[in-house]
Each structure stands twice: as structure tokens, then as C-alpha cells.
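Chemist: Chains as they are written, first to last, in our numbering: chain U, 1 to 391; chain H, 1001 to 1096.
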Ligand code: SF4
Ligand code: SF4
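1) Taking 8 angstroms as the threshold (beta carbon to beta carbon), is residue 1068(H) in contact with chain U?
2) Please report the residue range of the alpha helix (DSSP H) in which residue 1012(H) lies.
3) Verify whether the separation of the beta carbon atoms of residue 173(U) and residue 32(U) is less than 8 angstroms.
4) Please list the residues of the stretch 1010–1030 of chain H that have a C-beta atom closer than 9 angstroms to any C-beta atom in chain U, keeping them in chain order.
5) Between the stretch 78–110 of chain U and chain H, which residues of the former have a C-beta closer than 8 angstroms to a C-beta of the latter?
6) Which residues of the stretch 229–257 of chain U have a Cβ closer than 7 angstroms to any Cβ of chain H? Give them in chain order.
7) Take the Cβ of residue 389(U) as the centre, count every other Cβ of all protein chains shown within 10 Å, and call the residue buried at 16 or more, exposed below.
8) Does the beta-carbon of residue 1049(H), which I'm using as the reference point, lie nearer than 7 angstroms to any heavy atom of ligand 1?
9) Assuming the contact rule is C-beta atoms closer than 8 angstroms, residue 304(U) and residue 252(U) should be a hit. Round their C-beta distance to whole Å, please.
10) Would you say the beta carbon of residue 1133(H) is closer than 7 angstroms to some non-hydrogen atom of ligand 1?
11) By a C-beta neighbour count over all protein chains shown, 10 Å radius and 16 as the cutoff for buried, is residue 226(U) buried or exposed?
12) In the DSSP assignment, what residue or residues form a beta bridge with residue 319(U)?
13) Bridge partners of residue 253(U), per DSSP?
14) In whole angstroms, give me the CA-to-CA distance for residue 294(U) and residue 69(U).
15) Measure the CB-CB distance between residue 179(U) and residue 5(U) and report whether it falls below 8 angstroms.
16) Which residue's Cα is closest to the Cα of residue 1061(H): 1045(H), 1055(H) and 1083(H)?
17) For a cutoff of 8 angstroms on Cβ pairs, would you count residue 155(U) as touching chain H?
18) Looking only at its own chain, which residues have a Cβ that is under 7 angstroms from the Cβ of residue 321(U), when we skip the five neighbours before and after it?
19) When burial is assigned at 16 or more other CB atoms within 10 Å of the CB, is residue 1075(H) buried or exposed?
20) Report the partner residues of residue 7(U) according to the DSSP bridge assignment.
21) Taking residue 344(U) as the reference, which of 362(U), 323(U), 314(U) and 171(U) has the closest Cα?
22) Which chain H residues sit within Cβ distance under 7 angstroms of residue 215(U)?
23) Quick one: which chain U residues come within Cβ less than 7 angstroms of residue 1008(H)?
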């Protein structure tokens, strides 16, 4: 058992990066990710972490540095938010296609314009198809654990993919939570040194990031799609082994009070904890409501999701991003398509809520379930709704 | 080496790394050409300016030192024509 201490979740993220003994950190400060970068620079300055800290001039450079360093065999870390992610996105796609296992913590924040420094998932959804493995953390412990798990999974020779740990800005990044640290010995047991099979080395020249012609591009993309799908067993193995060492076991879809539930709320990230409160309150009143928490977003856990969702009559999916002029929230539309071929599938109600940190309280979840039930009684699948918008 | 049309999705190195140096030689940019340069040996002063400017390194020299192009790689851009001061090069349409 590690020591249980109260610490800001951003500090917990930096502690995990220190425990992972990274070689290179390249990052540009942006709210609400700043505390992570500041803390890491202190570690390096104080000699508590033997790493290169590259204070780059932009996020585009941050990801370029990390990608280049991973290519020469260095364990690399960056973190960003919102506009920073958008600026680095050109390289984000390259890192995945080049199969370089950089780890990035994303302190999720809205995208401009209008400018908002507050939290939702519009930033990460803009790079949904970047080819990285993507976790969503629910609390500080998740963040700390998943930084370590990300290196272990991403650097596995059968995976070799970069990994994003999504952590809600402010509501996670800036709160103090009890966190159980993992001792260095356990981390070293869990996380072997990064040993890529091919590295950039002048004595054995190779080309990385070359052009491919239309005659082969389709094949390269098929290879990439298969690589992300093939990471699933290693992700599960990573969680299993981490659980065996720490007692904390994680799953692609976490179920909360789902026994016999007719209605399932579906959430991703920090609001899941509030949703659990709401479920408790509804269960106390004898209502048949449970909760599915999506921990793994890419690769999408089709099998686990169907297994959990098909038991219910209705899903109430709470999205934290909008696909403008599209089918509603990105999570709901993916869940719907994952269920499409099922002969008997639950109705999917979709609410977009908590944009720019607008509070989603337990009674809001209850209200969403009520409204979805109401629409359900009319026998139609309800249209998506931007919850709580003033009309 | 395999022709590009023969590659299946399992044939690539991880991350599409190219482990064999100089493999761009396998790629015949000459396939792109719709015009080709013709060299007039009478006018060529063997200065090598076309060789410097050719973006595909397609210019070579015959035994007497006159410039000519390797049609496997000449993409028909016409830069050499523009740069050749004595006017020794002209472009003609590729007939199919
Ligand atoms: S630039 Fe003209 S003159 Fe000079 S080598 Fe080429 S063809 Fe000959
Ligand atoms: S046409 Fe273009 S590619 Fe062909 S030899 Fe001249 S400069 Fe080179």
C-alpha cells in the first residue's frame, strides 16, 4: 500500500511523471494545465527528476520535441489544454501514425471562440480521430495511475502508440484530493525502460515520416486502424497487472449500481462522481437507474459497452461537447452506432451539459433521466438536447 | 523489391519506417510527365546549370559531357529549359 496524501490533482499528475522517470518534458503553459508544467520544471530544477525540460515557444513545438525524442528512444511527456491542443494537432496525428508512445495529459477545456478557460470536452473531441489511445480520468487517483499505465501500455512492443489521459480542467486539475502514491519500487516493477525496436540513429540510418503514394496510403491507414484495435488486450493486461500491484483495478466501462437497472446514465470524466450521487438518490427512491462510466474512449470498447448497455431499456448519455449541425454529442452518436446492429437495443437519449464548467449537480442528472423517461413514454427516441440552455 | 502496388497493409514496418536508405530511387517520378525536354548537343556548352537546377536530379551527362535526362525520373517540369542560357533545351509533348 502506498502512502495516502492530500494533493492537488495537477501535482499528482506531475508526481506520476516523476515516478515514470521520463527523459524529456516539452510543454508550453496554458490554463488549466499550468500547474503540471510548473511542478515538473521544479522537479527538474531541483534535481528530483533527471530529465530534459524543454521550455518550447508553442504547443506545436512541444509535440514536435516529444515526437522527435520518442523517435530516438527517450520517454517523453507533454500536457496541454484547448487552444494549445489545437495548435499542436498537426503533430499529434503524426505521433500516432509514426507509432511513437508519447504520453500527454490533457486538462480538458473548451475551445474558442468565445474564449473560455473552463472545462468541457470540446478540445479532445476535435482530435477524436488522431489515433492515440484515449483514457478519461474520473478523479485524481485515476490521473496518477493512468500516467503510469499509459507508458506501460503505449510502450509495449505490441502497441507502440501514444496515449492521452483526459482530465477535466479545474474540476479535477485544481482540486485537492486524497491520492495514494505508488512507491518507486512498484513503479519500476510495473514499468520497464522504454526500448523501441527502431530508433533514429546516424549509425543505422532509417527514414521516419516519409511520403507515401496513393497506391499505398489506404494500406498504411488500415495498418494504423488495426494497430489501435490490437492495443485492446494489452490495455486490459496493463490494468490487470497494475491492479495486482496496487489493488486498484480499472475497466474500459465501469459499472455503478447497474444490477437490474432499466435506465443507465452514461458519463465520461469527472462528472461521473456526481452522477454516482444522483444514482444513489434515485436508487433510494426505488428507481431502477444505474451508471456506466466510459473510461476508455479509444480504442472504443465495443464488446464491453454492448455487454453493459444491452441490459437496459434506455441510456441517458451526457455529452460535454457538441457536433455543430450534426447528430448531437459525439459520445451519444458513437454509442448509438455501436448498438445499431443489435436486434433489441436501448433507446438513446442525449443531453449536452456542463459546457465551460457549467455546474451539473445531482438533481440535474435526475432531471435528465426524468425528461428522457417522459420522451420515452411518447414512444419516440428523443432528439438531443442542450441541457439547461436559457431559451 | 516489391512494386508499390503489391504492398498489403501488413507489409509495412511499424510506423512506416523505411529501413533501406536510398529507397526513393524506386519511385519513378518520370510517370508524371506530360512533356519531355529535348537536348540540342550543338548548343549545349556543358555548363551543368540544368544539373544544378533539376529538382529530381534527373540530369546526367553523356560520354562527351553533354547534358541529357534520365526519363525514369524526369518529371517534365521544364525548369531546365528555363535555366539553360544557350537555349539548348526545348520541351516537347509526350505522345501516348
Ligand atoms: S544548362 Fe544547357 S548548356 Fe548547360 S549543361 Fe544544361 S543543357 Fe547544356
Ligand atoms: S524537365 Fe524538370 S525534371 Fe526533367 S530534366 Fe528538366 S528540370 Fe529535371
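Just so it is clear, CB atoms sit at the ideal spot from N, CA and C, and this is done for glycine as well.
Modeler: Reading it off the structure:
1) no
2) Careful: residue 1012(H) lies outside any alpha helix (DSSP H) and carries neither H nor E.
3) yes
4) 1010, 1011, 1012, 1013, 1014, 1015, 1016, 1017, 1018, 1019, 1020, 1021, 1023, 1024 and 1027
5) 97, 98, 99 and 100
6) none
7) exposed
8) yes
9) 5 angstroms
10) Here chain H has residues from 1001 to 1096 only, and residue 1133(H) is not among them.
11) exposed
12) 352(U)
13) 294(U)
14) 31 angstroms
15) yes
16) 1045(H)
17) no
18) 120, 121, 122, 125, 329 and 330
19) buried
20) 177(U)
21) 314(U)
22) 1004 and 1005
23) 219
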